[in-house]
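First residue of the sequence shown: 118, per our numbering; consecutive thereafter. Read the structure below first, then the notes.
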Amino acid sequence: MALKHLSPLLVAALLAGGCATSPAPTTSAADVGETRPGSGYLKGYLASAEMPDSLALLPPPPEANSAALAADVAAFRSLTALQGSPRGALAVRDANLRFPEAASTFSCALGVRISEQQTPHLNMLLRRTLADAGGATYKAKEKYQRTRPFVALKAASCTPKEEAHLAKDGSYPSGHSALGWAWALVLTELAPERADALLQRGRSFAQSRGICGVHWRSDIEAGRLIGAATVGRLHANPVFTAQMSAAKNEIAQARSRSDSAPPAADCAAEANAIAGSAALTP
Numbered sequence: 118m119a120l121k122h123l124s125p126l127l128v129a130a131l132l133a134g135g136c137a138t139s140p141a142p143t144t145s146a147a148d149v150g151e152t153r154p155g156s157g158y159l160k161g162y163l164a165s166a167e168m169p170d171s172l173a174l175l176p177p178p179p180e181a182n183s184a185a186l187a188a189d190v191a192a193f194r195s196l197t198a199l200q201g202s203p204r205g206a207l208a209v210r211d212a213n214l215r216f217p218e219a220a221s222t223f224s225c226a227l228g229v230r231i232s233e234q235q236t237p238h239l240n241m242l243l244r245r246t247l248a249d250a251g252g253a254t255y256k257a258k259e260k261y262q263r264t265r266p267f268v269a270l271k272a273a274s275c276t277p278k279e280e281a282h283l284a285k286d287g288s289y290p291s292g293h294s295a296l297g298w299a300w301a302l303v304l305t306e307l308a309p310e311r312a313d314a315l316l317q318r319g320r321s322f323a324q325s326r327g328i329c330g331v332h333w334r335s336d337i338e339a340g341r342l343i344g345a346a347t348v349g350r351l352h353a354n355p356v357f358t359a360q361m362s363a364a365k366n367e368i369a370q371a372r373s374r375s376d377s378a379p380p381a382a383d384c385a386a387e388a389n390a391i392a393g394s395a396a397l398t399p
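See the structure below:
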């Protein structure tokens, strides 16, 4: 339809809409705000009502004396045996969701240093999706209030200082697994040529919760599903998609600089540690 056949007001409206730009994403933590004052965790992109319904998406956790629970216990035994090893040390690192430390989790898999200074949009993308994917697990967590494996089996975890808090927090599904898998999927979109390494790192990040003894196998698998569902919801959010675009540009720019890659020795050690548990489930 030719524009000359439309009213001047409608033409103006169409032209204005065509020239509209995506919301400008911020890299300022102060602008975004925290989930709770003083928590250090930033608000996500999604409102609570926009998050996936984990209670609707997931089945109940395994019942007592079931084959599924027996598989959970077997996985607990094999995974927690790695505590104290290099893979166990990586699991301890993966437990820390505080930034700036957590920003480096996927740096080796991406092949680019991730930091507030060098990649501010990418750093903000990880900080905000953490809240979205982690928060999306809580409807099911609060319903089932599943006891964590280190409590149920009277074992030690790899993060003893967190045990008192974790013992009061439902185990199913795993929030760490949800956000780690969400990070892996988001980064795979930004750098598809690194997809295998990024997805492997997302899997190992979730698996670290089993090594630490704080989540059952079924918690981890359910968490990854919620992480994927969250990323699907995020693509309807214009601030998220705008931040994705900015982060993609940052990655391209970083790859053009000689100082942008993480230390090779650190990445080799990480790869060797991950290889040590690659055959284990989940």
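Even for Gly, the Cβ is constructed at its ideal location relative to N, Cα and C.
In this structure, the CA atom of H332 is about 15 Å from the CA atom of W298. The DSSP assignment places 334-351 and 355-372 as complete runs of the alpha helix (DSSP H) inside the segment 320-374, in order along the chain (cut-off: 4 residues).
Of the candidates R204, L307, T222 and A248, T222 places its Cα closest to the Cα of R318. Under the rule that a run must span 3 or more residues, no beta strand (DSSP E) segment is found entirely inside the segment 230-276.
Non-local C-beta neighbours of N354 in its own chain, meaning closer than 7 Å and more than five positions away in sequence, comprise Y162 and L163, ordered along the chain. Contact between the segment 258-278 and the segment 299-319 is not established, with fewer than three Cβ pairs separated by less than 8 Å. Across the structure, A146 and N182 are spaced so that their CA atoms are roughly 47 Å apart. Between the segment 274-281 and the segment 181-195, the count of C-beta pairs closer than 8 Å stays below three; the two stretches do not touch. In terms of Cβ geometry, L196 and S394 form a close pair [threshold 9 Å]. Going by DSSP, F223 is part of no alpha helix (DSSP H) at all; its letter is neither H nor E. Nearest to A253 by C-alpha distance, out of M361, P178, C225 and H293, is H293. For L159, the three-state secondary structure derived from DSSP is strand. Under a 10 Å Cβ-count criterion, H238 is classified as buried, with 16 or more other Cβ atoms of the shown protein chains found around its own Cβ. Rounded to the nearest whole angstrom, the CA to CA distance from A385 to P379 is 11 Å.
For F216, no alpha helix (DSSP H) encloses it, and the DSSP letter there is neither H nor E. For K256, the number of other beta carbons within 10 angstroms of its own is at least 16, and it is reported as buried. In its chain, beyond the 5 residues on either side, G157 have a beta carbon closer than 7 Å to the beta carbon of R215. Per DSSP, the unbroken alpha helix (DSSP H) holding A184 starts and ends at A184 to T197.
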